[in-house]
Amino acid sequence: MNSRLLIITFIIAYGFAELNQPEFICPKWKKDSALNARILDTLKGIKTFRANFEQTSFSGSSLEVDIGNGIIFGKKPKSVKLEYSVPEPVTFTIVEENAVSINRESGESEYFKIEDSDMSRLPVSLIIDGKLGESLIYVGSCENFFGYVSKFDKISGDKTEYSLTVVIGKNFDSVKGVKFEDFGGVVNMFLFKNFLANIELSDSFFEIPKK
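Residue numbers for the sequence shown follow my numbering, beginning at 66 and rising by one.
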C-alpha cells in the first residue's frame, strides 16, 4: 500500500462492523451520566500521549482488511505523529491542517492538507479534541472485560453521520482503544498498548519539515 493510500485509509477507511472487535462491544448501551463524566474527564486530562498501536480498517465494498501497527504520539489541540512499522516504515505528522508523510527507508515525502471534517473523523480525535460534549451526542456507556466504554454520534440534521467509541482502562488512567464508524460503511479501529499520558512532548517534535 502506498503512503497516500495509507493515509486515506487511516482517515476514511471504508468498512463494515462484522470483524471481531470485543473491546468495543456493549451488551446494551445505557446512558450513565456519572460514568460518562469520568470517561470525559479522563480524555480531557490527557494533554499528550504515547502508545503502541494496532490499527484495523476494512471495507464493505471488498473483502480486503488493512492492518497497521507502530507508535503514535499526540498533543492537544491538533498534533499527531504516527510512526508506522506495518505495512510500511512511514511516519505521518499532522499539525492542524498541515500534514506530511515520510518513508523512513527511501526518504520520500508527500505534503498534503487535512480538512477539519477529516480531522474530526480520525479515531484519535477522541483523545486530542477534548470537545466531545460540544460536537458529538452521547449515546451510552457500559463496562466490559477491557474497561469502560462510551459511544458518541455526530448528528447532521436528522441523520447520524458517524460514531466514535472509546475504551478507557479500569483505573481511568489510560485509553485502551478508539473506533470510528461511518454510517456510509466505514470502520477504523485503533487498539493501544503501553499507553502513557501527559509525557513531555515539545512542539518541535511535531514540526513539519519545510518543502
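We put the beta carbon where it would ideally sit given N, CA and C, even for glycine.
query	result
contact_flag[the segment 112-122, the segment 93-103] where n(CB pairs < 8 Å) is 3 or more	no
C-beta contact flag for Asn236 and Ile111 at 8 Å	no
C-beta contact flag for Phe279 and Arg115 at 8 Å	Since the displayed the chain opens at 66 and closes at 276, residue 279 lies outside it and no answer follows.
Residue environment, Glu246, which counts as buried when at least 16 other CB atoms sit within 10 Å	buried
Pro154 beta carbon less than 8 Å from that of Asn168	yes
For Asn117, the residue or residues it bridges with in DSSP	Ile136 and Lys258
Contact the segment 226-244 vs the segment 197-217: 3+ CB pairs below 8 Å	yes
Beta strand (DSSP E) segment containing Asp106, residue limits	Here Asp106 belongs to no beta strand (DSSP E); instead the alpha helix (DSSP H) covers Ser98 to Gly110.
Buried or exposed by the 16-neighbour rule on C-beta atoms within 10 Å, applied to Leu71	Because Leu71 carries a pLDDT of 45, less than 50, the predicted location of this residue cannot be relied on, and the following value inherits that uncertainty. Classification of Leu71: buried, given that the 10 Å Cβ count is 16 or more.
Lys140 and Phe271 closer than 8 Å at C-beta	yes
Where Ile220 falls, given that 16 or more other Cβ within 10 Å makes a residue buried	exposed
Extent of the continuous alpha helix (DSSP H) to which Leu187 belongs	Unbroken run through Leu187: none, as it is neither H nor E.
Beta strand (DSSP E) segment containing Phe157, residue limits	Val155 to Val160
Opening and closing residue of the beta strand (DSSP E) in which Glu173 lies	That residue, Glu173, is in no beta strand (DSSP E); it is neither H nor E in DSSP.
Identified DSSP bridge partners for Gly242	Val232 and Leu256
Reference Phe248; option with closest CA among Tyr203, Asn117 and Glu226	Glu226
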